[in-house]
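Colleague:
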Amino acid sequence: MRKKGLNSRTSKETEAMLLELGRQEKERLENLNKRIAEQWKKNRDLQSEIFAMLRELILVQSLDDKISQQVLRQVMIWEEARKKGREIVRAESERAGESQEQLRDSLRLLDQIYQQAGVVCAEMPAPGER
C-alpha cells in the first residue's frame, strides 16, 4: 500500500509540475505572440512612414522639375527680351547718330539693368556678340 500511496503522490506531483510547466509555456508563448504583434505593428507603422516619405519625395521631385522648367522658360524669355532690348537700343542709337562709344554705354546700361534683376551673368554676352 505504501508503494501505491507513493506512486499516487508522485503522480499528483508530476501532474502538478506538468500543469505548471504547461502554464509557464503558455504564458511564454502569449508573451512571445504579444511581442510579435507589437513588432508587426511597428513594422506596419514604419512601412506607412516610408511610403509617406516616398510620396513626399516624388511630389518634391515633380515640383522641382516643374519649377526648373518654369525657371528655364523664364530665363529664356528674359534673355529674348534682353536681345530685343539690345536691338532696339542699336536701332535708336543709329537713328540718333550716336557714336560707337555712346552705343556701348547704352548697351552696358541695359546689361546692368538685367544683371541687377539677376537675370544674366555679368560675363554673359548678348546672343550674336563677341
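Add 7 to a position in the sequence shown, counting from 1, and you land on the number used in my numbering. Glycine is no exception: its CB is placed at the ideal position from the N, C-alpha and C atoms.
For S113, report the span of its alpha helix (DSSP H) as first-last.
Modeller: Stepping through the sequence shown from its first residue, residue 113 is reached at position 106. Note, S113: alpha helix (DSSP H), 107-123.
Colleague: Please report how far the alpha carbon of V67 lies from the alpha carbon of R89, in whole angstroms.
Modeller: Within the sequence shown, numbered from 1, the residue matching residue 67 stands at position 60. Within the sequence shown, numbered from 1, the residue matching residue 89 stands at position 82. Using only the alpha carbons, I get a separation of about 32 Å.
Colleague: If you draw a straight line from the alpha carbon of D139 to that of E56, how long is it in whole angstroms?
Modeller: No answer is possible for residue 139: the residues shown for the chain start at 8 and end at 137.
Colleague: According to the neighbour-count rule (16 or more other Cβ atoms, all chains shown, within 10 Å of its Cβ), is R93 buried or exposed?
Modeller: Indexing the sequence shown from 1 puts residue 93 at position 86. R93 should be labelled buried.
Colleague: Taking 8 Å as the limit between beta carbons, can you name the residues of its chain near A23, skipping five residues before and five after?
Modeller: As a position in the sequence shown, residue 23 is number 16, starting the count at 1. Excluding sequence neighbours, A23 sits near nothing in its chain.
Colleague: Buried or exposed for D72, going by 16 or more other Cβ atoms inside 10 Å?
Modeller: To locate residue 72, count along the sequence shown from 1; it is residue 65. Exposed.
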